[in-house]
Structure formats: structure tokens, C-alpha cells
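Enquirer: Right, I'll just put the structure down here and ask away after.
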Amino acid sequence: VKSTPAVLGEYPYVVSIWYRYNHICSGTLYDLTHVITAAHCVHGIEPFRLAVLVGVVDFANNEKTWIPVKSYAIHPSFGNRTFINMHAKHYYHDIAVITVCIYPE
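Residue 95 in UniProt numbering is what sits at position 95 of the sequence shown, and the numbering runs on without skipping anything.
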């Protein structure tokens, strides 16, 4: 895939979702306290074990601000899946809204 590295601030609405200090999915910042992502990314994980990174383009950079996840809501019909082929799964209603903890400044 032909690509170029992102520049800091180029995509301020794209966030990284982390579980056990590993990037697991990306999401879209909806407002200051909500992130939209795929339900399969967070389903079955306790919210306190998740964190969100905002405004980072280089995961190797040690200057990360971890934003704890307060809760998430998964689409009530999520869960039915079909196999596209032996290696890919397709989930219906695969959407979740994450609420993050923003501390007062």
C-alpha cells in the first residue's frame, strides 16, 4: 500500500484504543468525551482495562497521554456474525460508543 506518515494534528479526530498497553483498534473522536469504534474491539473487555490515545502519530514516542475509559455501550443487536471466508468474520451492528474520563483542568 502506498502511504505517507501522518503529521501531528493532521487527523485530530482519529484515536488509538489500547488494551494492556497494546493498540487494538482505532476510533473516531465524536466529542470531548465520546469515541465511536467497532463493537468487536471492546466487547468482553472491562472498561477500566481500556485506554484511549489522542493526538499521537508515533507510538514509539514516550510522550503519551493515556485517557481512561469510563464505560462503553455496544449496539444491542451486535453479536451475530457470518464468515466471509475462512479468515474473515463479518459482524452485524458492529458499533460501540466509548465514554472516556476527561479530568477538569
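Where is the CB? At the ideal position from N, CA and C, for every residue including glycine.
On a predicted model such as this, the values are computed, not experimentally measured, just so you know.
For residue 54 versus residue 98, is the C-beta distance shorter than 8 Å?
Expert: no
Enquirer: CB-CB under 8 Å to residue 39, same chain, minus the five flanking residues each way: which ones, in chain order?
Expert: 74, 75, 78, 91, 93, 94, 95, 96
Enquirer: Is residue 47 helix, strand or coil by DSSP?
Expert: helix
Enquirer: What number of angstroms, rounded off, separates the C-alpha of residue 72 from the C-alpha of residue 1?
Expert: If I take the Cα positions, the gap works out to 33 Å.
Enquirer: Measuring only the C-alpha atoms, how far is residue 42 from residue 5?
Expert: 27 Å
Enquirer: Express the C-alpha separation of residue 52 and residue 33 in angstroms, rounding to a whole number.
Expert: 11 Å
Enquirer: Spatial neighbours of residue 57 within its chain, please: CB distance less than 6 Å, with the 5 preceding and 5 following residues excluded, ordered by chain position.
Expert: Spatial neighbours of residue 57 in its own chain (CB-CB distance under 6 Å, excluding positions within 5 residues in sequence) are listed in chain order as 6, 8.
Enquirer: My understanding is that residue 67 touches residue 100, with C-beta atoms under 8 Å, so please give their C-beta distance in whole angstroms.
Expert: The beta carbons of residue 67 and residue 100 sit about 5 Å from each other, so the pair counts as a contact at 8 Å.
Enquirer: Going by DSSP in three states, residue 42 sits in which element: helix, strand or coil?
Expert: Under the three-state reduction of DSSP, residue 42 is assigned to helix.
Enquirer: Which value, in whole angstroms, describes the spacing of the CA atoms of residue 44 and residue 11?
Expert: 29 Å
Enquirer: Quick one: residues in its chain with C-beta nearer than 7 Å to the C-beta of residue 104, no 5 flanking neighbours on either side, listed in chain order?
Expert: Confidence at residue 104 is low in this model, with a pLDDT of 49, below 50, so the placement of that residue is unreliable and no value is reported for it.
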